[in-house]
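Scroll down for the structure; my scribbles are underneath it.
Chains as they are written, first to last, in our numbering: chain A, 186 to 737; chain B, 365 to 770.
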């Protein structure tokens, strides 16, 4: 069966099916979602979409296609996901991806396992089969209960599509593709429960995406269905279960990937003449290095968040040896510990971050400092004025101003520039002993590199000393709490949220700065105590038409 | 802007040498940035017959086997093959007329002499002839497998006729036939350059600048590790390990060798040599020692056996190294690398296997056989270029593979 061709031929049936699903009776969950005025809407990120499909249909159902790029707002994709829509071309992409998935679900390799039935004696038109299919997968995909009437509507439309296409399974594929193209799947709707706070399924999604970066599993859905998540004890039981799972690592990886902007390493390129050791493979490994290091310290060893800035332990890969100029015995990943006194210590000296916030051919204390101020200290640095001249800074062959520090100092003669550079540059200059791809160096064009500076009123001599200051700085740990809260809720805090955030921040030291405990506290507080999050603005909220197709 | 405190010389020294203070606590940690203190390792990206292009030498290059065959043809036939475009036809004629043979190696027969002989006989080889060739994929009988049977192809082979060569005075004597170094040092023993220095293929790669552009034996490069360095410019006592790597050389974004890569060392003790050395003004020299260097390139797998070999290595300011290994190259291992080139490789490279065979045996000047008195090795100077690397012993690789990793 050439399902792809049939699906294309049956596009009108698919559209009809989508239309049919949208033309619903009163009181359906779908209508409740579309019309939920107080609920926040967050688009699934690409990784969440892929995880959802793997969880529901199995890892061998491939997700092929190009996704609309995720949108980072105020440093977090998690916040940006509340402020995105789907463009017309983006919807086409989602639809193509959905068709590809649906085609695989009903193909000969998966049909028996995932469909498991067909028209026959006692079910001549296959209505029972289709109904069971949607009853099995629909709630998992929509992350909520589906009323019998809603399943019946999907079933009717699917059977009609099958008749139009002349193929029962092609009809199922069309119905499934419509479901996967629906905003109910593509977006996370948070709905109010009876008490005005999140309903059970919204709570399930919130803790599942926070802790696993994945949709709720069957046990969590069951807990939502029976109301277990409505009680502090029931919610805590599920939170603890999720955190005890190996999949908690996925959740923490997703958080730090977003927090530290590590996805940007996927598209990072460098001047290969100046940095021949760097390539796309190395960039990917640098991202993985930071994530593995974070997981090792904060999840596996339940460590202190602040130690991220002073730990000498780092995940190391054979292919990263040339960047770090260390021998690597393992042929893939291993944990490496730099000796005391080594210039490499802590997150600030991870080559991935150093490379990410540099120019293609040189370092940038300003970019590095700005990124660290914004991500790790929650300090917003404004963009430079449009008419600023970078001529001196960019003159890397300047005969007298040989070091970046010297050129930046000259640049700061412009008082307008100096205002922001005074905030960003001291931190960035501390990292100047690492070049544009994060390789250690002690000189620049023959001149010794001065990596000293002042942070929060304390002098430091180099990146290692700065890392110690970060370790002990309350703003650093408080920023982590705020960012984790924003990540969990998908929005920037409103004035009414501040007391709760302040409480989390003041509790963080009592928790030993353990990130796992912080995530648990956030999972409980933002799930149990908060009402559904309001989107940033109505204009930025996804619009959903009556056909079920979101538009920009 | 903030007035950043400027640190003085003392700070810069500490910054430049951050690892010195760390030495006492290294036991509990892994290698620091830059590698273990006092240890520098290099992967050799090319090892080549080192010889200068002395002005006025080799005005006529040595004929390759094909050229020699061509010159042996009657004028009418030579005219028929004079066009360079006819070279493939000329090679086919040589194969046919000289009776070269080749057949596929039967599966599993690579190390079975009897099976090879049976297959050769079945393919119509002359009685008793037929040797494994072309990376054991073929059985061949030609001027490379059996040079003594085709000595007519040594006609037109020419020896290097210069007076200057790179190398060392290996025997401590000044003899007739010895070279001078470019700086005028007499008694340079480098008879292999005399044997090969007018053959274009060796002559071109013998130039250091050309050698830098080419990775040779990249699948199994050689590592030089210098340990016990207290002063990288002058140290009277260092230990030098010469080892084979089990890992291949990787290229960087410029197409050159990737620096600071980690290489597992080959566990074969025959491929590891340790000797003592000293560094004077940034130049390392070692005591003589026998060593075996891996040489794997395309279809060639012919380890170089060197006797009484000594290393002269210059540490360059960019972290790379240049140098030479001077010693006696055993004839058996030297010709093995030529033979493995196969007739096809020799013809493509313009090399006369019989010419090389004859020359190196005639000029052999070291390690006489106790029974026959024939020299079994030839003095040589193998140039090398290398980049910084890390040598990782096999036990550390094994430990990492047993759960030390993530």
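For glycine and all other residues, C-beta sits at the position ideal for the given N, C-alpha and C.
Since the model is a prediction, treat every value here as computed from it, not as a measurement.
Segment contact, 8 angstroms Cβ cut-off, at least three pairs: the stretch 420–428 of chain B with the stretch 458–477 of chain B: Verdict: no, contact absent.
Cβ-Cβ separation, residue 532(B) to residue 543(B) (assumed contact under 8 angstroms), whole Å: Contact check for residue 543(B) and residue 532(B): beta-carbon distance about 11 angstroms, past the 8 angstroms limit, so the pair fails to qualify.
Where the alpha helix (DSSP H) through residue 672(B) begins and ends: Careful: residue 672(B) lies outside any alpha helix (DSSP H), inside the beta strand (DSSP E) at 668–679.
Neighbour flag for residue 310(B) against chain A, beta carbons, 8 angstroms: Residue 310(B) falls outside the range modelled here, since chain B spans only 365 to 770, and no answer is possible.
Inter-stretch contact (C-beta, 8 angstroms, three-pair minimum) for the stretch 688–706 of chain B and the stretch 613–624 of chain B: Contact between the stretch 688–706 of chain B and the stretch 613–624 of chain B is absent, because fewer than three Cβ pairs lie under 8 angstroms.
Contact check, residue 507(B) vs residue 497(B), beta carbons under 8 angstroms: It is not a contact, given that the beta carbons lie outside the stated cut-off.
C-alpha distance - residue 515(A) paired with residue 471(A), whole-angstrom precision: Inter-residue distance for residue 515(A) and residue 471(A) is about 16 angstroms (C-alpha atoms, whole angstroms).
DSSP bridge partner residues for residue 694(B) (one or two, in chain order): 741(B), per the DSSP bridge assignment.
Uninterrupted beta strand (DSSP E) stretches inside the stretch 461–508 of chain A (no shorter than 3 residues): Correct list: 498–502.
Simplified DSSP state of residue 503(B), which is helix, strand or coil: Here DSSP, grouped into helix, strand and coil, assigns residue 503(B) to strand.
Neighbour flag for residue 618(B) against chain A, beta carbons, 8 angstroms: At least one beta carbon of chain A lies nearer than 8 angstroms to the beta carbon of residue 618(B).
Near-chain B residues of the stretch 510–541 of chain A - C-beta to any C-beta below 8 angstroms: Within the stretch 510–541 of chain A, the residues whose Cβ lies closer than 8 angstroms to some Cβ of chain B are 510, 511, 512, 513, 514, 515, 516, 517, 518, 519, 520, 521, 522, 523, 524, 525, 526, 527, 528, 529, listed in chain order.
Any C-beta of chain A under 8 angstroms from that of residue 727(B): Taking Cβ atoms only, chain A never reaches closer than 8 angstroms to residue 727(B), which makes this a no.
Where residue 546(B) sits in the DSSP three-state scheme: Correct three-state label for residue 546(B): coil.
Nearest to residue 438(A) (by Cα), restricted to the options 410(A), 481(A), 525(A): Of the listed residues, the one whose Cα sits closest to residue 438(A) is 481(A).
Cβ contact check for the stretch 544–552 of chain A and the stretch 605–615 of chain A: 3 or more pairs under 8 angstroms: A contact exists between the stretch 544–552 of chain A and the stretch 605–615 of chain A.
Through-space distance from residue 710(B) to residue 414(B), alpha-carbon basis: Note on geometry: alpha-carbon atoms of residue 414(B) and residue 710(B) lie some 20 angstroms from one another.
Interface residues of chain A facing residue 399(B) [CB-CB closer than 9 angstroms]: The CB of residue 399(B) comes closer than 9 angstroms to the CB of 510, 511, 512 in chain A, given here in chain order.
Under 7 angstroms from the C-beta of residue 396(B): neighbouring residues of chain A: Contact note: residue 396(B) reaches chain A through 523, 524, 527, using a C-beta cutoff of 7 angstroms and chain order.
Inter-residue Cα distance where the pair is residue 297(A) and residue 410(A): Going by the C-alpha atoms only, they are around 28 angstroms apart.
Members of the stretch 625–644 of chain B near chain A, C-beta cut-off 7 angstroms: Under the 7 angstroms Cβ criterion, the stretch 625–644 of chain B contributes 625, 626.
In DSSP terms, what residue 625(A) is bridged to: DSSP, once it has assigned bridges, lists 619(A) as partnering residue 625(A).
Cross-strand partners of residue 521(A) (DSSP beta bridge): Partner residues in the beta bridge of residue 521(A), as assigned by DSSP, are 499(A).
Which of helix, strand or coil DSSP assigns to residue 320(A): Under the three-state reduction of DSSP output, residue 320(A) falls in the helix class.
Span of the alpha helix (DSSP H) around residue 405(B): Unbroken run through residue 405(B) is the beta strand (DSSP E), 403–413; no alpha helix (DSSP H).
Residue 453(B) - DSSP class collapsed to helix/strand/coil: Residue 453(B) falls in the helix class under three-state DSSP.
Under 7 angstroms from the C-beta of residue 764(B): neighbouring residues of chain D: In summary, chain D is missing from the structure at hand, where the protein chains are A and B.
8 angstroms Cβ cutoff, residue 458(A) in contact with chain B: Closer than 8 angstroms to some Cβ of chain B, the Cβ of residue 458(A) qualifies, so yes.
Given residue 268(A) as reference, the closest of 228(A), 457(A), 310(A) once Cα atoms are compared: Checked all of 228(A), 457(A), 310(A); the closest Cα to residue 268(A) is 228(A).
Residue interval of the alpha helix (DSSP H) (run including residue 368(A)): Following the DSSP letters along the chain, one finds residue 368(A) inside the alpha helix (DSSP H) bounded by residues 368–371.
Length of the line joining the Cα atoms of residue 379(A) and residue 408(A): Rounded to the nearest angstrom, the two C-alpha atoms are 16 angstroms apart.
Sequence-distant residues of its chain with Cβ nearer than 6 angstroms to residue 668(B) (five each side left out): Within the same chain, residue 668(B) has close Cβ partners 657, 659, 697.
Residues of the stretch 332–351 of chain A with Cβ closer than 7 angstroms to any Cβ of chain B, in chain order: Against chain B - using a Cβ distance shorter than 7 angstroms - the stretch 332–351 of chain A contributes no residues.
Contact set between the stretch 637–661 of chain A and chain B, restricted to residues whose Cβ is under 8 angstroms from the partner: Residues 637, 638, 639, 644, 646, 647.
Selection from 501(B), 465(B), 500(B) that minimises the alpha carbon distance to residue 484(B): Closest by C-alpha distance to residue 484(B), out of 501(B), 465(B), 500(B), is 465(B).
Euclidean distance between Cα positions of residue 446(B) and residue 423(B): If you take the alpha carbons of residue 446(B) and residue 423(B), they lie about 21 angstroms apart.
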